[in-house]
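Protein chains in written order, with the working numbering: chain A, 6 to 308; chain B, 761 to 1059.
Presented below is the structure to which this report refers.
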């Protein structure tokens, strides 16, 4: 079951190809990071998925049922766009109630949802404010609230924490984390550490093309990479022999170990630690896998 | 129709749009000015009518005793002078003698002000949301046709509110002066509805501009240019000098809303119904053209 399937999608703006034959698949229920440099096509991808930009060519499928159709899919997709303002004169409460009703909620349910989401994004005391009375952060929180109204199956979050102060950004991450599993989430951000914590799937995009995609564990090589911070240089030959490592790299004080796939990570780690202790080398820190940033940069280099 | 349009959502969009417009300070100020203008105009019109009646009374008093000149007779002689000021066509002047003078004044005022009124209150409604990105919150929940048409319906309702505000102001001023009877009130309502139909044609034309250019400032300036072009086009297509050389242009005159203004004044329903149908068709066709551009475009 897939939430999103794109095959060879091209989106042109004049001569420029914002999406250039992009093909990707996002499984249903995944929390998917969409990673790429500025201008790589992330925002265009979200707009194409939400039916706001018709693709120039290629196939877009949501929920295995064709491209987004507001008549059929209203209420199933939530979008938090990067730059969008609520209605100019309505209060936040009135705007949210309107969006909830358009999403198919009845009057009473809309009322309840709006009140609930205003509380979740800490805007309940701003319910009667108009858009010009809001700060940038408040607008972003409003945007998050409207994206999740009515519990859509697919939510597209375009840089949800951009421009937020650290406290609100952390709260926003927590809010998104709580929605994991209840919907398919696509999140674009330049904060890769944030995505590493939130997401279980990732796609890397470069110049409108897919560079790499897959489960986060595979991309981070959580099952095959170990990094240790040591007190001194170890005997690398003995370490290689003991754990059957494919590759060892010593860059004091860090030792990077790439393990064979057939050895469970916990067993390999135990052997590694025993060997280092046998050699009298102190272990200050141990972490598995590589960072998302490292994985992303490696994928970019390979592409 | 229900397959093409989600009627429930169209109604939601229209209602929100009407409320949103009425929350706007600009719209409230424009409608207030329009109402104040209608009140002031009514006051001046009533004075002019009284002056014309005074002049008729004076001229008739030479042949009849001034006290015995009946009001009906005075008005019968005074009204044509006033109507001549509004309408040039002699046949229509005769027909308008049956219409309440107050409604003639308000109808004249509304028909002449409705295009700028629509431009000020609704001219860039579609473009505003597209430019600010508000559509990105909305178009994931409602299809484009229901949204675009819902906004049009909302602004058509706003126009009706505005015209009724003017009619009410006219009625109040008339009531506080010489009083207003039921027939005049009904005629005021009819004049408002006819001006509304006329305004809907312009609403459709301005929607076409807004859906094509998608920027509020460009939509406003293009709509002003369009008003000028419509005026110029009609002048050229009505000019015997030009139509003698290009006879086809004489038929083109029917695509201009102003061409139906006189027919809308007609108290004969058949004639005014034809004009109403043509004006609604101009509005609908213009909106359809705008929507055709927006339907497959970027939002």
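Cβ coordinates follow ideal geometry from the N, Cα and C atoms, glycine included.
- Secondary structure note for residue 206 (chain A): it is in no alpha helix (DSSP H), and the uninterrupted beta strand (DSSP E) holding it is 206 to 211.
- For the region 46 to 80 of chain A, the set of positions with a beta-carbon nearer than 9 angstroms to some beta-carbon of chain B reads 52, 55, 56, 57, 58, 59, 73, 74, 75, 76, 78, 79 and 80 in chain order.
- Between residue 229 (chain A) and residue 264 (chain A) the beta-carbon gap is near 5 angstroms, inside 8 angstroms, which marks them as a contact.
- Taken through DSSP and simplified to helix, strand or coil, residue 18 (chain A) comes out as strand.
- Under the Cβ distance rule, residue 769 (chain B) counts among the residues neighbouring chain A, one pair being separated by less than 8 angstroms.
- When Cβ pairs closer than 8 angstroms are counted between the two stretches, the region 767 to 781 of chain B is seen not to touch the region 859 to 868 of chain B, the count staying below three.
- Using a 10 angstroms sphere on the CB of residue 43 (chain A), the tally of other CB atoms stays under 16, which defines it as exposed.
- Under a 10 Å Cβ-count criterion, residue 796 (chain B) is classified as exposed, with fewer than 16 other Cβ atoms of the shown protein chains found around its own Cβ.
- Closest in alpha carbon position to residue 974 (chain B), among B:908, B:956, B:1017 and B:918, is B:908.
- Separation of the CB atoms of residue 74 (chain A) and residue 7 (chain A) is rounded to 17 angstroms, and the pair is thereby denied contact status at 8 angstroms.
- Look at residue 158 (chain A) here: in three-state DSSP terms it is coil, with no helix or strand label.
- The criterion of a C-beta distance shorter than 8 angstroms is not satisfied by residue 46 (chain A) and residue 11 (chain A).
- Here DSSP, grouped into helix, strand and coil, assigns residue 40 (chain A) to strand.
- Using a 10 angstroms sphere on the CB of residue 137 (chain A), the tally of other CB atoms stays under 16, which defines it as exposed.
- Of the other Cβ atoms in all chains shown, fewer than 16 fall within 10 Å of the Cβ of residue 946 (chain B); this residue is therefore exposed.
- The C-beta distance from residue 777 (chain B) to residue 922 (chain B) rounds to 14 angstroms, too long to fall under 8 angstroms, and the pair is not in contact.
- Close partners of residue 941 (chain B) in chain A (Cβ separation under 9 angstroms) are lacking, with about 39 angstroms as the shortest Cβ gap.
- Taking 8 angstroms as the upper bound on Cβ-Cβ separation, chain B lies near no residue of the region 16 to 30 of chain A.
- For residue 90 (chain A), the CB contacts under 8 angstroms within the same chain, skipping 5 residues up- and downstream, are 136 and 144 in chain order.
- Two segments are said to touch when three or more pairs of C-beta atoms, one from each, lie closer than 8 angstroms; by this definition the region 848 to 858 of chain B does not touch the region 934 to 952 of chain B.
- For residue 929 (chain B), the enclosing alpha helix (DSSP H) starts and ends at 904 to 936.
- Here residue 846 (chain B) has 864 and 868 as same chain residues with Cβ atoms under 7 angstroms from its own Cβ, once five neighbours each way along the sequence are excluded.
- Our two residues, residue 815 (chain B) and residue 808 (chain B), have alpha carbons roughly 10 angstroms apart in a direct line.
- For residue 169 (chain A) and residue 221 (chain A), the gap between their C-alpha atoms comes out near 25 angstroms.
- For residue 956 (chain B), the CB contacts under 7 angstroms within the same chain, skipping 5 residues up- and downstream, are 919, 920 and 923 in chain order.
- DSSP places residue 145 (chain A) in no beta strand (DSSP E) but in the uninterrupted alpha helix (DSSP H) bounded by 141 to 153.
- Residue 958 (chain B) and residue 49 (chain A) have their C-alpha atoms roughly 41 angstroms apart.
- When the Cα atoms are used, residue 1045 (chain B) and residue 147 (chain A) turn out to be separated by approximately 38 angstroms.
- Interface annotation, residue 299 (chain A): not in contact with chain B, CB-CB separation never under 8 angstroms.
- Note: residue 288 (chain A) is bridge-paired with A:235 in the DSSP secondary-structure output.
- Note that the C-beta distance between residue 237 (chain A) and residue 286 (chain A) is below 8 angstroms.
- Residue 1054 (chain B) is a Cβ neighbour of residue 904 (chain B), given a cutoff of 8 angstroms.
- The continuous stretches of beta strand (DSSP E) do not include residue 307 (chain A), which lies in the alpha helix (DSSP H) extending over residues 297 to 307.
- In the same chain as residue 972 (chain B), and ignoring 5 residues on each side of it, the C-beta atoms closer than 7 angstroms to its own belong to 1050 and 1053, in chain order.
- When the Cα atoms are used, residue 209 (chain A) and residue 37 (chain A) turn out to be separated by approximately 10 angstroms.
- DSSP, reduced to helix, strand and coil, places residue 226 (chain A) outside both helices and strands of the structure shown, so it counts as coil.
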